[in-house]
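Take the sequence shown: its position 61, counting from 1, is numbered 95 in our numbering, and each next residue is one higher. For glycine and all other residues, C-beta sits at the position ideal for the given N, C-alpha and C. Note that this is a predicted model, so its numbers are computed, not measured. See below for the structure under consideration.
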Amino acid sequence: MRKKRVIIIDVDLQVLETLKTLFDKLDYELLTFNEPLTCPVYMENAQKCHKHDPCADIVIIDYYMPQMTGLQLLESQNQRGCKLSIINKAII
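Next up, the structure:
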């Protein structure tokens with residue numbers, strides 16, 4: 035069984051470091067990205083997610099990013115069949 039996993043996508047490196055410190059203390063596996071990627075874990079360009087289980091327990095996304103907003107990223111993930119419930123996703 036894997037540790038609880040949080041994915042953080044934020045262009046501000048200070049925010050990434052602050053959240054990393056917090057989730058490290060909570061014993062989460064942490065994946066951080068400073069670019070908006072539809073699927074940062076699997077890096078697939080597929081139109082649909084073919085995984086059976088969510089790739090994380092929590093996703094935290096920056097609202098203001100250069101290529102798209104955090105809301106647009108969440109919508110893109112949803113359209114591709116992301117398995118993580120929307121209640122476990124946050125925009126900051």
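For the beta strand (DSSP E) containing T66, list its first residue and its last residue. As a first step, residue 66 is located in the sequence shown; it is residue number 32 there, counting from the start. Unbroken beta strand (DSSP E) run through T66: E63 to F67.
A124 bridges to which residues according to DSSP? Start at 1 with the first residue of the sequence shown, and residue 124 comes out as number 90. DSSP lists I94 as partners of A124.
Whole angstroms is fine: what's the gap from Q101's alpha carbon to P70's? As a working mapping, residue 101 is identified with position 67 in the sequence shown. As a working mapping, residue 70 is identified with position 36 in the sequence shown. Those two C-alpha atoms are separated by around 7 Å.
Decide if L64 is buried, meaning its Cβ has at least 16 other Cβ atoms within 10 Å, or exposed. In the sequence shown, residue 64 corresponds to position 30, counting from 1. By the neighbour-count rule (16 or more Cβ atoms within 10 Å), L64 is buried.
Using the Cα positions of L47 and H86, report the straight-line distance between them to the nearest angstrom. Within the sequence shown, the letter at position 13 stands for residue 47. Within the sequence shown, the letter at position 52 stands for residue 86. Approximately 31 Å, taken between the alpha carbons.
On a CA-only basis, which of I94, C116 and D61 is nearest P88? Give me that one, please. Numbered from 1 along the sequence shown, position 54 holds the residue referred to as residue 88. Comparing Cα positions, the closest option is C116.
Evaluate A90 with the Cβ neighbour count: other Cβ atoms within 10 Å of its Cβ, from every protein chain shown; 16 or more gives buried, anything less gives exposed. Residue mapping note: residue 90 aligns to position 56 of the sequence shown, counting from 1. Per the 10 Å Cβ criterion, buried.
Thinking C-alpha only, which one of N68, S119, R39 and V40 is nearest Y97? Along the sequence shown, read from residue 1 onward, the residue named residue 97 stands at position 63. The residue with the shortest Cα to Cα distance from Y97 is N68.
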